[in-house]
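Following the numbering used here, the numbering of the sequence shown begins with 25 at its first residue and continues without gaps. The beta-carbon is built from N, C-alpha and C at its ideal position, and this holds for glycine as well.
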Amino acid sequence: YLPELPHRNLGYLCQYYEIPHHAHRALEDAKATDRLFRKLAELFYQEETGGQASTESVEKKANNNLFEPQPLHFQVKRDTPATKPQKERLYRLAEQHKITLEVDVEKLTRSEASRLADKILAKYGR
């Protein structure tokens, strides 16, 4: 939808459709998202019916359930073990900064190992 637009983020779409938006405030983002959703639904149903459609008529007469709540289908990503280079890096950082790791490096996942390395670097530097 909207292939002619260079961006489809909330800020750009609000600007494009002249919707007031005070970015990065949770409540304001939610309000802008609601206004944008209603605008897109209205435009979608205008295209579908070939005529005028108000937000109220869209809500009352919509036969198409595209904008209705749908079940969320997803698969949880399987955690993969930390790679050999990640483990080696953690051991090297621990030795370099003379710290004792409080976790078993051999049992970490890739994301846990990466996060731990980032924490060490943030606290102790390179």
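Inset, instruction - Taking all protein chains shown into account, decide if residue 66 is buried (16 or more other Cβ within 10 angstroms of its Cβ) or exposed. - result: Here the question's residue 66 lines up with position 42 in the sequence shown. Result: buried.
Inset, instruction - May I ask you to report which of helix, strand or coil DSSP gives residue 16? - result: With the chain covering only 25 through 150, there is no way to say anything about residue 16.
Legend entry - First and last residue of the uninterrupted alpha helix (DSSP H) at residue 144: On the sequence shown, position 120 is the one that residue 144 refers to. Here the alpha helix (DSSP H) through residue 144 covers 134-148.
Inset, instruction - Please say whether residue 115 and residue 127 have beta carbons closer to each other than 9 Å? - result: In the sequence shown, the residue the question calls residue 127 occupies position 103. In the sequence shown, the residue the question calls residue 115 occupies position 91. Pairing residue 127 with residue 115 gives a Cβ-Cβ distance that is not under 9 Å.
Inset, instruction - Return the first residue and the last residue of the alpha helix (DSSP H) that residue 40 is part of. - result: Mapped onto the sequence shown, residue 40 falls at position 16. Under the DSSP assignment, residue 40 falls in the alpha helix (DSSP H) whose first and last residues are 34-40.
Inset, instruction - Could you have a look at residue 61 and say whether DSSP puts it in helix, strand or coil? - result: The sequence position of residue 61 within the sequence shown is 37, counting from 1. Correct three-state label for residue 61: helix.
Inset, instruction - Could you tell me the distance, in whole angstroms, from the CA atom of residue 111 to the CA atom of residue 141? - result: For the purposes of this step, residue 111 is taken as the residue at position 87 of the sequence shown. For the purposes of this step, residue 141 is taken as the residue at position 117 of the sequence shown. Between residue 111 and residue 141, the C-alpha separation is close to 9 Å.
Legend entry - Which listed residue (51, 41, 45, 52) has its alpha carbon closest to that of residue 64: Walking along the sequence shown from the start, residue 64 turns up at place 40. The shortest C-alpha separation from residue 64 is found at 41.
Inset, instruction - Put residue 129 into one of helix, strand or coil per three-state DSSP. - result: In the sequence shown, residue 129 corresponds to position 105, counting from 1. Of the three classes helix, strand and coil, the one that applies to residue 129 here is helix, per DSSP.
Legend entry - Under the three-state DSSP convention, the category residue 47 falls into: Reading the sequence shown from its first residue, position 23 is the one you call residue 47. The answer is coil: DSSP assigns residue 47 none of H, G, I, E or B.
Inset, instruction - Report the option in 137, 34, 28, 92 whose CA atom is closest to the CA atom of residue 54. - result: Counting from one through the sequence shown, the residue named residue 54 turns up at place 30. Nearest of 137, 34, 28, 92 to residue 54, Cα basis: 34.
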